[in-house]
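Numbering (the working numbering), first residue to last: 21 to 152. Just so it is clear, CB atoms sit at the ideal spot from N, CA and C, and this is done for glycine as well. Only one structure is covered here, and it is reproduced in the block below.
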């Protein structure tokens, strides 16, 4: 595995940040990739239009763990517009790159973050947003 991944990826695989759930989350969003079996849940506390806290649980490969972990670091303290600007390439770059066949993992994390922001904004607008 170490030959395929950068030192940053391996660091996040072996020492993932922000793992767990949040009792006071006001947004919970699920994402997954049925093709490879990855399943991700972000628990997010949004206050004053910014990410106040974020945790995640994941079942997946090393790249899925690393991309989810670094995504939590990228969004902590950011406002929601900044979160929406984070894409799969931003996440991969924060890890000093990913093998092409693992880029779907960074897309899963970015898509889940975007879904979380959309869910929160829909809730504020009084709409019902689908979970997942």
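C-alpha gap between residue i and residue j, whole angstroms
i: residue 31; j: residue 71; result: 24 Å
i: residue 135; j: residue 103; result: 11 Å
i: residue 99; j: residue 74; result: 13 Å
i: residue 123; j: residue 80; result: 14 Å
Residue i, DSSP secondary structure in three states
i: residue 82; result: helix
i: residue 60; result: strand
i: residue 44; result: coil
i: residue 111; result: helix
i: residue 27; result: helix
i: residue 116; result: coil
i: residue 65; result: strand
i: residue 127; result: helix
Distance CB(residue i)-CB(residue j) smaller than 8 Å
i: residue 128; j: residue 51; result: yes
i: residue 76; j: residue 92; result: yes
Own chain partners of residue i with C-beta closer than 6 Å, once the 5 adjacent residues on each side are dropped
i: residue 33; result: 82, 85 and 86
Neighbourhood of residue i by C-beta, 8 Å cutoff - its chain only, sequence neighbours within 5 removed
i: residue 94; result: 106, 110, 111 and 114
Checklist entry - Are the segment 53-64 and the segment 109-118 in contact at 8 Å, needing three or more beta carbon pairs? => result no
Checklist entry - Three or more beta-carbon pairs under 8 Å between the segment 125-145 and the segment 37-54, yes or no? => result yes
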